[in-house]
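Trainee: Its first residue numbered 742, the sequence shown is counted upward by one per residue in this note's numbering. Below is the structure I would like to discuss, written out as C-alpha cells.
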Amino acid sequence: VARLAMLPIDQVEPDPDQPRKDVGDIEDLKASILEHGIIQPCIVSVVAEDRYRLIAGERRYTAAKAAGLKTIPCVVRTVEEHRKLEIQIIENIHRKELNPVEEAHAYQRLIVEFSLSQRQLAARLGKSPASINETLRILTLPEDMMESVRTSERLTRSVLLEIAKEEDPDTQRQLLTQALHGQLTVKTLRQPRSTDHDSPPSSSTSIKLPDATITIRFHSAEHSQDSIRDALTDALASLTPTP
742 VARLAMLPID QVEPDPDQPR KDVGDIEDLK ASILEHGIIQ PCIVSVVAED
792 RYRLIAGERR YTAAKAAGLK TIPCVVRTVE EHRKLEIQII ENIHRKELNP
842 VEEAHAYQRL IVEFSLSQRQ LAARLGKSPA SINETLRILT LPEDMMESVR
892 TSERLTRSVL LEIAKEEDPD TQRQLLTQAL HGQLTVKTLR QPRSTDHDSP
942 PSSSTSIKLP DATITIRFHS AEHSQDSIRD ALTDALASLT PTP
C-alpha cells in the first residue's frame with residue numbers, strides 16, 4: 742500500500758545503507774527545485790510515528806534541504822528489507838546515479854544478503870547476466886585505489902570495465918594510474934598489449950610517402966622530431982648499398 746503525502750522535511754532522514762555514497766554536485770538540481778519544485782516525489786518508509794526514512798530520492802531530498810524547503814512530496818510505502826534495497830538500486834541505476842564502484846558493491850550486497858545467483862539478480866534488475874558479471878569484476882581492482890576510482894570524474898565506466906578485465910593487480914594499478922590522469926581511452930585499452938609486464942614503455946610514429954609508409958618504433962614512451970631524424974639517419978647508415 743502506498744500513499745502520496747507532503748511531509749515535513751525534518752521528519753525525513755536519509756538511509757545510512759543507501760547504495761549511493763556520494764550525492765555529487767546538487768547546485769543545478771537545487772536551482773531547478775527553487776524554480777519548479779520537486780517534480781518526482783521521493784519514496785520513503787515509516788520507521789516510527791512521524792518519522793520516515795528515504796528509500797529513493799536522496800539527491801532530491803538533499804537539494805530540497807539546501808534550497809530551504811520545509812516540506813517535500815513523498816510516496817510513503819511499506820517495503821520489505823530486501824525489496825527496499827532492490828528499489829534503491831533500480832532507482833539509482835535507471836537515473837544513472839550510481840558510479841560503477843557503487844553499482845558493483847550494490848550488486849554484491851544483493852547477491853550475498855539474499856543468496857542470489859548472478860542470473861537471478863540479472864532477472865530481477867532487468868539486465869543481462871553478462872552485464873552483472875562485468876560490473877562485479879570492478880571489485881577485483883586494487884583496494885588501495887578504490888576510493889580514487891570512486892570519486893574520479895576522469896574515469897569513464899567503459900575504461901574502468903576494460904581495466905577490470907586485467908587479471909594482474911600490478912597491471913591494473915598501472916592502468917588505473919594512467920586512466921586517472923586521463924592518459925587512457927577504451928580504444929587504447931582494447932589494443933593487444935604485451936604479456937611481458939616488465940617490458941619498457943614504447944611509442945611509434947609513421948611517415949607517409951607517395952609510395953610507402955615508414956613506421957619507427959621507439960623504446961621509450963616519448964619521442965621528438967630530433968629523435969625521429971636521428972633514427973632515420975641511423976637507418977640509412979645501416980643499409981647495405983645496393984650494387
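Even glycine gets a Cβ: it sits at the ideal position worked out from N, Cα and C.
Leaving out five residues before and five after residue 849 in sequence, what residues of the same chain have Cβ atoms less than 7 Å from its Cβ?
Mentor: 877, 880
Trainee: If I follow the unbroken beta strand (DSSP E) through residue 870, where does it start and stop?
Mentor: Here residue 870 belongs to no beta strand (DSSP E); instead the alpha helix (DSSP H) covers 870 to 877.
Trainee: Specify the secondary structure class of residue 754 as computed by DSSP and reduced to three states.
Mentor: Residue state, collapsed to three classes: strand.
Trainee: If you pair each beta-carbon of the segment 884 to 892 with each one of the segment 854 to 873, do three or more pairs fall below 8 Å?
Mentor: no
Trainee: Short check: CB of residue 767 to CB of residue 811, under 8 Å?
Mentor: Here residue 767 is not near residue 811, since their CB atoms are 8 Å or more apart.
Trainee: What residue range is occupied by the uninterrupted alpha helix (DSSP H) comprising residue 890?
Mentor: 887 to 892
Trainee: Starting from the Cα of residue 907, find the closest Cα among 883, 783, 887 and give me that residue.
Mentor: In terms of Cα proximity to residue 907, the closest of 883, 783, 887 is 883.
Trainee: Classify residue 773 as helix, strand or coil using the three-state DSSP reduction.
Mentor: Residue 773 carries a helical assignment under DSSP once its states are collapsed to helix, strand and coil.
Trainee: Look at residue 851 and residue 831 and say whether their C-beta atoms are less than 8 Å apart.
Mentor: no
Trainee: Given a cut-off of 8 Å on the beta-carbon distance, is the pair residue 745 and residue 853 in contact?
Mentor: no
Trainee: Measuring straight from C-alpha to C-alpha, what distance separates residue 922 and residue 961?
Mentor: 19 Å
Trainee: How close, in whole Å, do the beta carbons of residue 797 and residue 774 come, if the pair is a contact with beta carbons under 8 Å?
Mentor: Incorrect: roughly 16 Å between the Cβ atoms, too far for contact.
Trainee: Figure out for me which residue from 969, 931, 904 has the closest Cα to the Cα of residue 946.
Mentor: Here the closest residue by C-alpha is 969.
Trainee: Exposed or buried, which one is residue 973 when buried takes at least 16 other CB atoms within 10 Å?
Mentor: exposed
Trainee: Could you have a look at residue 748 and say whether DSSP puts it in helix, strand or coil?
Mentor: In the structure shown, residue 748 sits in a strand (DSSP, three-state: E or B).
Trainee: Under the DSSP definition of a beta bridge, which residues are partnered with residue 786?
Mentor: According to DSSP, residue 786 shares a beta bridge with 794.
Trainee: Between which two residues does the beta strand (DSSP E) carrying residue 955 extend?
Mentor: 954 to 959
Trainee: Which first and last residues belong to the alpha helix (DSSP H) in which residue 803 is found?
Mentor: Residues 799 to 807.
Trainee: The alpha helix (DSSP H) that contains residue 929, what's its start and end?
Mentor: Residue 929 -> alpha helix (DSSP H) spans 927 to 931.
Trainee: Quick one: give me the first and last residue of the alpha helix (DSSP H) that residue 881 is part of.
Mentor: Counting along the chain, residue 881 falls outside any alpha helix (DSSP H), and DSSP gives it neither H nor E.
Trainee: Compute the beta-carbon to beta-carbon distance between residue 917 and residue 886, rounded to the nearest angstrom, for a pair I have assumed lies under 8 Å.
Mentor: 5 Å
Trainee: According to DSSP, residue 914 sits in a beta bridge with which residue or residues?
Mentor: Bridge partners of residue 914: none, in fact.
Trainee: Measuring CA to CA, which of 819, 912, 781, 979 is closest to residue 794?
Mentor: Per the Cα distances, 819.
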